[in-house]
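Peer 1:
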Amino acid sequence: MTTGYGDGRVTIGSTMVGRVAVTNVATVPALTPRIRFGLSWTLGHLVHTREGNRRDEYQLVDFGGELRLGPDDRFVGQLVRDGAAYPLRSFDYVDTQGGSVALDLGRYRLEQLEECRAGGVLIMKMQLWPRVEIGGVTTDARVEEIRFRIPRDDWLEVVRTATGEQVDVLEIRYHLMYADRYDTSLSELRRARDAVDRGDFNGAVMQARKAVSLMEGAVRKASGDQLKAVLTDRIDEEHADLYGGIVARAKGMGNINAHRPAAREYTRVEALFAIRLATISLEVVAGLLAA
664 MTTGYGDGRV TIGSTMVGRV AVTNVATVPA LTPRIRFGLS WTLGHLVHTR EGNRRDEYQL
724 VDFGGELRLG PDDRFVGQLV RDGAAYPLRS FDYVDTQGGS VALDLGRYRL EQLEECRAGG
784 VLIMKMQLWP RVEIGGVTTD ARVEEIRFRI PRDDWLEVVR TATGEQVDVL EIRYHLMYAD
844 RYDTSLSELR RARDAVDRGD FNGAVMQARK AVSLMEGAVR KASGDQLKAV LTDRIDEEHA
904 DLYGGIVARA KGMGNINAHR PAAREYTRVE ALFAIRLATI SLEVVAGLLA A
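So, in structure tokens, the structure goes:
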């Protein structure tokens, strides 16, 4: 059978009767993030070797379970059977049958998974609880714990579909009415978000710094003057100082690492902060200059 991301044995009593594999992960249309894990079941008849090799057919009537994080065994959520709920039959030959389980995730838990992934693969543990019947009688059926790894690209597709954006989970959606005039800066912010997805948090901070610097350069090229002077021509000096200070701070985190590369390693939350601050800086400057 195809093992996909990972698989485990299915047993009735002490006898192995098949295997189940986690084959894929995808999003489910829902009001809040819900993900679906595709399962592939291979079920053979129960063979009683001590009783004249008698073979019993059975049915997998239902299944559910729970999901935990691989590295530290933290509970993620309950898994429920998803899709068509017809029983799966055992066969006297190798045959694969599909099924799936779903997990409801609020955005907070989705963000926690991103923190744990830290730009790499997502390592998970799945425990399934099957209900198997022979002739209408429930058996002592079990599925061993399935340890599996979701590749980075597969998980990013889930995140992007669940959030509807090509950005990080829980990224605040600033409504950019004006900042698109600085298209090269916005390109740098997209690269910064990609860096966060890869776990390159220092790189993301540096890309955010570059985005703000490019915006300042565009203002200087268009006006022939520094940003603060241009803002002072549009608004009062006190607010020009205020917004100029925000811009300076948006570059500040990157400046530290640019001039002192060994200063420290930034965390994911700091990288997201740098991107958000740079985004705000672009929008406020563009909006004021467009007024």
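FYI, the numbering for the sequence shown is 664 to 954, going by the working numbering.
C-beta atoms are modelled at their ideal positions from N, C-alpha and C, and glycine is treated no differently.
No experiment lies behind these values; they were computed from the predicted model shown.
(1) Is Met789 closer than 8 Å to Phe754 when the C-beta atoms are compared?
(2) Just verifying my parser: in three-state terms, what is the DSSP assignment at Ile809?
(3) Would you check if the distance between the CB atom of Cys779 and the CB atom of Leu819 is smaller than 8 Å?
(4) Going by C-alpha distance, which of Ala874, Ala881, Arg883, Lys884 is nearest Ala941?
(5) What are the start and end residues of the alpha helix (DSSP H) that includes Met869?
(6) Please go through the same chain and pick out, in chain order, the residues whose beta-carbon is closer than 8 Å to the beta-carbon of Gly769, but skip the five residues on each side of it.
(7) Which class does Ser677 belong to by DSSP, given the choice of helix, strand or coil?
(8) How would you label Tyr771, buried or exposed, when you count the other beta carbons within 10 angstroms and need 16 or more for buried?
(9) Hey, how far is the Cα of Val743 from the Cα of Phe936?
(10) Rounded to whole angstroms, what is the Cα-Cα separation between Pro750 and Asp816?
(11) Straight-line CA distance for Glu901 to Gly866?
(12) Is it true that the CB of Leu952 sits closer than 8 Å to the CB of Val859?
(13) DSSP three-state call for Glu820: helix, strand or coil?
(14) In whole angstroms, what is the alpha-carbon distance linking Arg883 and Gln889?
(15) On the CB-based measure, 16 or more other CB atoms within 10 Å of its CB, does Gln829 come out buried or exposed?
(16) Mind checking who Glu729 pairs with in its DSSP beta bridge?
(17) Can you give the Cα-Cα distance for Leu785 and Arg854, rounded to whole angstroms?
(18) Gln889 lies in the beta strand (DSSP E); which residues open and close that run?
(19) Going by DSSP, what residues sit across from Arg780 in a beta bridge?
(20) Expressed to the nearest angstrom, what Euclidean distance is found between the alpha-carbon atoms of Val724 and Asp745?
(21) Would you mind giving the Cβ-Cβ distance between Val680 and Trp704, rounded to the nearest angstrom? I have them listed as a contact below 8 Å.
Peer 2: According to the structure shown:
(1) No, Cβ-Cβ distance for Phe754 and Met789 is not below 8 Å.
(2) strand
(3) Taking 8 Å as the cut-off, the beta carbon of Cys779 is found no closer than this to the beta carbon of Leu819.
(4) Checking every option, the nearest Cα to that of Ala941 belongs to Ala874.
(5) 864 to 886
(6) Thr695, Pro696
(7) coil
(8) exposed
(9) 36 Å
(10) 33 Å
(11) Just so you know, the alpha carbons of Glu901 and Gly866 end up roughly 33 Å apart.
(12) no
(13) Residue state, collapsed to three classes: helix.
(14) 6 Å
(15) Note that Gln829 scores 42 on pLDDT, short of 50, meaning its location in the model is unreliable and no value can be drawn from it.
(16) The secondary-structure analysis by DSSP pairs Glu729 across a beta bridge with Gln741, Gln790.
(17) 22 Å
(18) Run containing Gln889: none; DSSP gives neither H nor E here.
(19) DSSP lists no partner for Arg780.
(20) 13 Å
(21) Not really, about 10 Å apart at Cβ, beyond 8 Å.
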